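Take any residue in the sequence shown, count from 1 to its spot, add 106: that is its number in this note's numbering. Glycine included, each C-beta is placed from N, C-alpha and C at the ideal position. Because the structure is a prediction, the values reported are computed rather than measured.
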Amino acid sequence: MESLVYQIVLLTTAAVMLLALMSIVFVSWRNGISPMPSSSVVRREVLRLMKRLPMQGPLSDGVMIEAGSGWGSLALQLGRSFRGWRIIGLENSVIPLWISFCAAKLENRMNVSFTKCDLYTYCYRDVDRVVCYLYPGAMRRLSPLFREQLKPGAYVVSILFALPDWEPEQVMVCKDMYRTPIYLYKA
Ligand SMILES: C[S@@+](CC[C@H](N)C(=O)[O-])C[C@H]1O[C@@H](n2cnc3c(N)ncnc32)[C@H](O)[C@@H]1O
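This is how it looks when you write it as structure tokens:
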């Protein structure tokens, strides 16, 4: 009897894990990108860059979007460093989104939230900063959306991939083995 219960628990766990893995693979295939997190070196450089942006006046407590927040590590790090800001992670892959949500709850990180949505249909009109680590096709789609919706003075920080038809204000090169570029744009 005990071994039957053990087998049922084992099989259920395996089935849940398989379903979770299938969900991640399917959404990654549909999105054209997996939820691979940015490295700690890159995250540190993003924070360094963002800390140098103007923070005075109304911009000491704005809204920051992480478009495609994956497992939530970058959004949570931003939340720790920018306590007066509201950080919103946009993600459409349920498993990474759920892990991010749990991590924020465990940390009691009140200024960070995660939303299940498509980053191409989100309204960026009231946003002060956007951070993203996506892929060239996504940047091509976001370029006109940001041009149309972002208010003047809003910043976009993009890891690895440039925003087509935008002139970067700055390009930082990380000291990782890939020399990852980070692009800074001002709307
Ligand atoms: C390379 S990961 C970046 C993870 C995180 N930003 C980081 O730096 O650690 C890109 C994320 O974008 C998400 N993504 C891609 N297309 C999306 C879409 N249309 N709507 C919402 N999320 C999307 C993917 O699911 C993936 O988790």
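**Message:** So, at 7 Å on beta carbons, what are the nonlocal neighbours of D234 in its own chain, with the 5 sequence-adjacent residues on each side left out?
**Reply:** L165, G168, V169, M170, A260
**Message:** Could you tell me the alpha carbon to alpha carbon distance between V296 and P274, rounded to whole angstroms?
**Reply:** The chain is shown only over 107 to 293; residue 296 falls outside these bounds and no answer can be derived.
**Residues that E172 bridges to, as DSSP identifies them** = G195, V237
**Request:** Please classify T221: does DSSP put it in a helix, a strand, or coil?
**Result:** strand
**Request:** Could I get the ranges of all uninterrupted alpha helix (DSSP H) runs contained in the region 227 to 278, with 4 residues as the minimum, in chain order?
**Result:** 242 to 255
**Item:** Cβ-Cβ distance between S179 and E197 below 9 Å
**Value:** no
**Prompt:** What are the boundary residues of the beta strand (DSSP E) that includes I288?
**Reply:** 287 to 292
**Prompt:** Within 10 angstroms of its Cβ, does E294 collect 16 or more other Cβ (buried), or is it exposed?
**Reply:** What is shown of the chain runs 107 to 293, which leaves residue 294 out entirely.
**Asked** Which class does S109 belong to by DSSP, given the choice of helix, strand or coil?
**Response** helix
**Request:** Using the Cα positions of G138 and L184, report the straight-line distance between them to the nearest angstrom.
**Result:** 25 Å
**Prompt:** In its own chain, which residues sit with a C-beta less than 7 Å from the C-beta of S145, not counting the 5 before and 5 after it?
**Reply:** D282
**Message:** Let's see if you can read the secondary structure: which residues bound the alpha helix (DSSP H) around C208?
**Reply:** 200 to 213
**Request:** Please find out if some non-hydrogen atom of ligand 1 comes closer than 8 Å to the beta-carbon of D282.
**Result:** no
**Item:** Top-ranked residue by Cα proximity to E254, from A293, W135, L203
**Value:** A293
**Message:** With H, G and I counted as helix, E and B as strand and the rest as coil, what does DSSP make of W177?
**Reply:** coil
**Request:** Under 8 Å by Cβ, that's how I've got A210 and V218 pegged, so tell me the actual separation to the nearest angstrom.
**Result:** 5 Å
**Message:** Do I194 and W177 have their beta-carbon atoms positioned less than 9 Å apart in this structure?
**Reply:** no
**I265 classed as buried or exposed, judged by whether at least 16 other C-beta atoms fall within 10 angstroms** = buried
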